[in-house]
Structure formats: structure tokens, C-alpha cells
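Report on the structure given below.
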Amino acid sequence: MLYPQTNSCRSVFSLDGLWKFRLINDGFNYNPGDILTSDFEWIAVPASYNDQKEDKAYRRFAGESLYQRSFTLPKIMEAQRLLLRFDAVTNSARVYINSELITTHKGGYLPFEIDITKKVSVGVEFTISVVVDNRVNSTTLPVGNDKLKGAFFGSDNAQVPSVQKGKEYQADINLPNFDFFNYAGLNRSVRIYTTPKTGYIKDITVVTDIVGRDGVISYYALCDNDETVFATLKDKRGSVVATSDNGSIMVKDAKLWSIGKENAYLYTLELSNTSDFYSLSVGIRTIEVRGKQFLLNNQPVYFKGFGKHEDSHIKGRGFDLTYDVKDAGLIHWLGANSFRTSHYPYAEEMYDLCDREGILIIDETPAVGIAAGQANPYEVLDIRAHHEDVIKDMIARDKNHPCVIMWSMGNEPDTESYPREAYEYWHSLYDYTHSLDRQNRPVTFVCSQNDYTRDIVARTMDVVCLNRYYGWYNLSGDLDAAMYALNLELDFWEQQNKPVMLTEYGADTVSGMHATVPEMFSEEYQAQFLLAYGEAFDKRDFIIGEQMWNFADFGTIQGPMRAGGNKKGLFTRERKPKLAAHAMRHRWNNIPDVDYK
Ligand code: GCB
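Next up, the structure:
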């Protein structure tokens, strides 16, 4: 799926800004075509709605809400094909133009678009209404709990007096099976973009290779007719390097794309036919897992970084380019080189930035929370087809970014209780993921702290990715015992002859809380915790990377384990460094990006 662009043949109109908004509650029903004239709020797009108003309903709400806005398109657009594109509506959407339902979409973290050429008349006002549903349940990704009512009297809660068990407090609330706030709404940009009416370029896929000192770019362009697509490759200064009309370009003495701002060389591939034009940044690089190494351009990489979230005050999960730029700068400041898009694909602009700045991305689907208490999640949850859809859509969106170096199919599923079913589920998805990516990037999923001897699927991934909390959720506060346990486990993984990466390890830390004898929640404990893990990694050649949890503090559902959110950040939510940020900066600046192990 191509990102909208303005050029000599296409144009983009932003629909971001103030929209009319209301929760669909208190007996309010949306009748398609109804225009909101009263009882609505003005709300900013893109942004989550939850923290924009001083109303607890906005944070606690579970259900549908309505966004509405009217537009008139200029007559100069008459000659073009019109596409309405939503970059992300969380968690699902019904879209109306005036009273007509024009599309529905499930899943809150990937774009969808609709051809509206025949639905609107240029020069005539029309109204877009979007009904957004924020509910998560056993059919959605991320997964939520179906039981919306009676959450406070659940029989699983040991603190509920036995005489109250089974009693229901009548309130719909979201019960996410994941540890980030279920921020909802028009979280990313909304636009109308145009293409020529015929002959438009529908899709482009790029694969690159290195032969000696030269680069090879193979491109596959899909048009709505059979016309030949011509390619022109330009270097950074805009000089033409090569042209082609046969899908392949040889680049003599190619400059490769690699880690770091100075090394992230991007060419521009311009594709055109008689009606259309599209330009794409291309980084020439190869990726391969060989033995216990992860090779970028044939050099073994050591991953330094974290899992992140798209999360900030007030905007919630709303797209904010300024935060992306700030975060990329902090990644460089730390001497880090990579992150995982835990736990959903991020806004496309972040990948574009990472292409330019040489930051590696492990791209993750929203498949988080695949565990169902005592029950078999592979039977209880109705997610398989949707899971395939999000993998397909994520790859369709992100396949051309050089910064994307591995696909993560999901985070912390239960692989231990029903090992055979887990294997069947995840291994078939692994094959499916590989089959969709012409670049054939490595594929993995990220596994939780479990009885790793029972998990028979993680060890079959291209890279084994482990989330571990020795010293936090277990052996709490005792780093000596934690390191003993971690090393016991790493001895096991050493036998598997696979590259292994730690994709989460961390400690909640209250910024400003200090201790001479480091104890949990103090800044000193977090720093010692992370460095102790680092020491264990340094001793093992098969550990190819460390991505601690988390880049910054982030919002979660409230609960006894979370004081104003998850506090495992190296930075506060406002991006102020904790002591551990300085400690990791020192460590990472002394570890090279490649040829470390
Ligand atoms: C995990 C999850 C992550 C949580 C983290 C924590 O294992 O993957 O989503 O936020 O632990 O801090 O508990």
C-alpha cells in the first residue's frame, strides 16, 4: 500500500483538524446522515479522544463514538480519482459519506482507504461520519476480555469477600489483555488523495541485493493497466544514476544503507508511466540470519535499544511527528540502534524517519494478549483470520522500508500450556509471513517468561526473542538471585544454536526516587538491573541484542501495579532521562553496532 504523496500527477488534502465528536451513549443513536448540531464536542485529529476532555467517561468508555466533519472538494479535482485514507482508527470503524455506509474496518493500527470518486461530487459539500468502536474482546487484536460487566466482583480476585462473589456492578468497561492504555479514536491522519483516473500505479515492491561492490534493485510495479513503468534512480544529490524499464536496476559502486545517520544512504526511485508518477526512497541493503548471527550487509549486528510505545500526554496514542523526531534523537544520544514497535505497527512517518536516520525496526503486529487464563487460547479466541489480515496489511504497508529488518507476529502468547496447538498456530503463521515478503526478512514472535522447556515454537523462529523479568516480577529486588536464574536459562538457550535477543527486561522506576542500597522502584535499582543483564549478555556470543523495556514511561489502565502508568522507561513520559538512561548511554556507546559478536 503506497503512502499518499503530492507530485506532478497526485495530490494530498489533509482532513486533520477539529472534528465534531460525541460518545454514543445515554440513548443517543446515530442514524446515518444525521448531522450533529448540538450535544457534541470539538475534538482534535489526529489524537486519541480519551485525554482531551475532563470527563471520566472519556477514559472509561467502552463502545462506539462518532466523529463528523463536512468538506467541499475543489473543482480542480474533477479529473482525478479520489481516495479517502485513514491511517489508523482504533479499534474499528464504520465510515459514512452523508447517509451511505462506504466501508467498515477492523483493527486499530493499520491504514485503510476507499475509492470515493463516485461517492462525492466536487464543489458540493458532503459529510464524513466515522463510528469508532474502542472495544477489545476475544475476536480483536489486541485481545480483550469479553466480560464487560461486573469487573470489580470477578471470582478471580482474591480480595473480593466470598459473599460478594458473582455480584455485578453494572458498568461497561474495557478489559484489555495487555499492558497499555486502550487509547482510541482517529489516532492518525485522515486525508483524501488523488491519482489519475486510469493507468495509476497501485503498488510497488522493492528488493535489493549486493553483488561485489554493486547494488541490484528489483522493482515490481502494479498498475491498473498494462502500461510499461519506467524507472529512474537518483542519488542523494538528485543526479540520475540509472534508468530501466525491465524491473531491474544495476547500481555501480553502490552506497549501502546501514545503521546510523551517516550510513543510512537513500536513493530515490522514480516510477512513471504516461499517466502517473510515484517516488520512493530505497536503501540498498541485505539481511540474513546465518548460524547464530544476524547479518546486515554481511556484517553481524548487535541490537541495542528497547520496545517503545506510541504514547504521550494528552494525545495518548495520537500521531505526533515532533515526538518521533525527539525520540529518534534520544535513540542516537543513547548510542542505541533499534527498537521494536511493541505492540502494534506505528505510524508510517516513523518508519520514514528511521529510514533516513539509520535506525533498525522490528515491526510487530497488534497480536498481544493471546492467553486465556486456564483455557486454550487457540480454541477460545476467534482471531486467526484477523491475525492473517494484520500480517498481510502490515507487510503491504511496510515492505519497502530499509529500516524494517524483522517481522514480529505478536507478543507473549501462551506457548506453554498447549504447546502443540501453539506450535500449529504460530508455525503456520510463520510460513505465511515468509510467503508474503519478497525481501524474505526474518520472522519471529516474542515470548513471555514461561517454562521455556515446554515451549516448542519459540526455538523454531529465525531469531529467538525473549521477554524476561528475573529480579522484577519474580525474585523481586534480588539481583544476585535474578542473575543466577537468568544464567540458568541462558545455558538452556545456548544449546539451541540460534541467535537470541532479549526483547524485554526492565524495572519500574519512579523518577526522582533514590537509594544508596538499591531497592525496587529506585533509579539506582533500574540502572543496576539493566547493567547486570548486560553483563550476562556480554558473556554469550549467541545473544545478538538487547532491547530493554521500555524507551519511556507510558499510560496503562489503572490498577494496583501501575502508579500513573508503566514506569519502566529509561525516560519519563515527558522524555526526561532517568539515571539508567545515562548508564545505558555509557554502555551502548562502548558497544559497536556491527562486528561486536
Ligand atoms: C511484558 C509485556 C509488556 C508489559 C511489560 C511489563 O511482558 O510484553 O507489554 O508492559 O511486560 O512492564 O509488565
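Its first residue numbered 7, the sequence shown is counted upward by one per residue in this note's numbering. C-beta: ideal position from N, C-alpha, C; glycine also. Just so we're clear, the structure is a prediction, and the values are computed from it rather than from any experiment.
The ligand GCB heavy atom lying under 7 Å from the CB of residue i
i: K125; result: no
i: D599; result: no
i: N473; result: yes
i: H349; result: yes
i: S454; result: yes
i: N188; result: no
i: N480; result: no
i: K574; result: yes
i: W555; result: yes
i: N417; result: yes
i: E510; result: yes
i: F184; result: yes
Chain-order list of residues whose beta-carbon lies under 8 Å from that of residue i (same chain, five-residue window excluded)
i: G575; result: T515, N556, F557, A558, D559, F560, K584
i: S528; result: T515, V516, M519, H520, A521
i: A491; result: Y476, N480, L481
i: F577; result: L336, F557, A558, D559, P583, K584, A587
i: I389; result: S144, T145, T146, L147, V149, A373, I376
i: V246; result: T238, L239, K240
i: S17; result: M83, Q86, Y199, T200
Helix, strand or coil at residue i [DSSP, three-state]
i: R75; result: strand
i: A542; result: helix
i: V469; result: coil
i: H592; result: helix
i: Y602; result: coil
i: L272; result: coil
i: Q532; result: helix
i: Y64; result: helix
i: D330; result: helix
i: G33; result: coil
i: I389; result: coil
i: P425; result: helix
i: P306; result: strand
i: S250; result: strand
i: T133; result: strand
i: G335; result: helix
i: M567; result: coil
i: I120; result: strand
i: K81; result: helix
i: L192; result: strand
i: T201; result: strand
i: R474; result: coil
Beta strand (DSSP E) segment containing residue i, residue limits
i: S287; result: 283 to 288
i: H111; result: 106 to 112
i: M256; result: 254 to 257
i: E495; result: Segment 485 to 500 is the alpha helix (DSSP H) holding E495; no beta strand (DSSP E) there.
i: Y225; result: 220 to 229
i: Q86; result: 86 to 92
i: V295; result: 293 to 296
i: T238; result: 236 to 240
i: S127; result: Premise fails: S127 is in no beta strand (DSSP E) and is neither H nor E.
Residues near residue i in its chain [Cβ-Cβ closer than 6 Å; skip 5 each side]
i: N56; result: Y64, R65, Y189, G322
i: I401; result: L442, D443
i: F283; result: N13, S14, C15
i: L42; result: K26, Q74
i: F345; result: G311, F312, K314
i: I265; result: N343, G364, D599
i: V235; result: A227, L277, N279
Cross-strand partners of residue i (DSSP beta bridge)
i: I549; result: V506
i: N417; result: V374, V452
i: K26; result: W48, Q74
i: A99; result: H111, V138
i: N180; result: Answer by DSSP bridge pairing: none, since N180 is not bridged.
i: I210; result: A227
i: I367; result: F345, V410
i: P148; result: According to DSSP, which records beta bridges pairwise, P148 is partnered with nothing at all.
i: G313; result: R346, W555
Same chain, Cβ closer than 7 Å to residue i, five either side skipped, listed in chain order
i: G253; result: S224, Y225, Y226
i: A157; result: In this prediction, A157 has a pLDDT of 49, which is less than 50 and means its spatial position is unreliable; what the coordinates show is noted afterwards. Hits under 7 Å: I179, L181.
Any C-beta of chain B under 8 Å from that of residue i
i: W263; result: In the displayed structure, chain B is absent; only one protein chain is listed.
Where the alpha helix (DSSP H) containing residue i begins and where it ends
i: E363; result: 354 to 363
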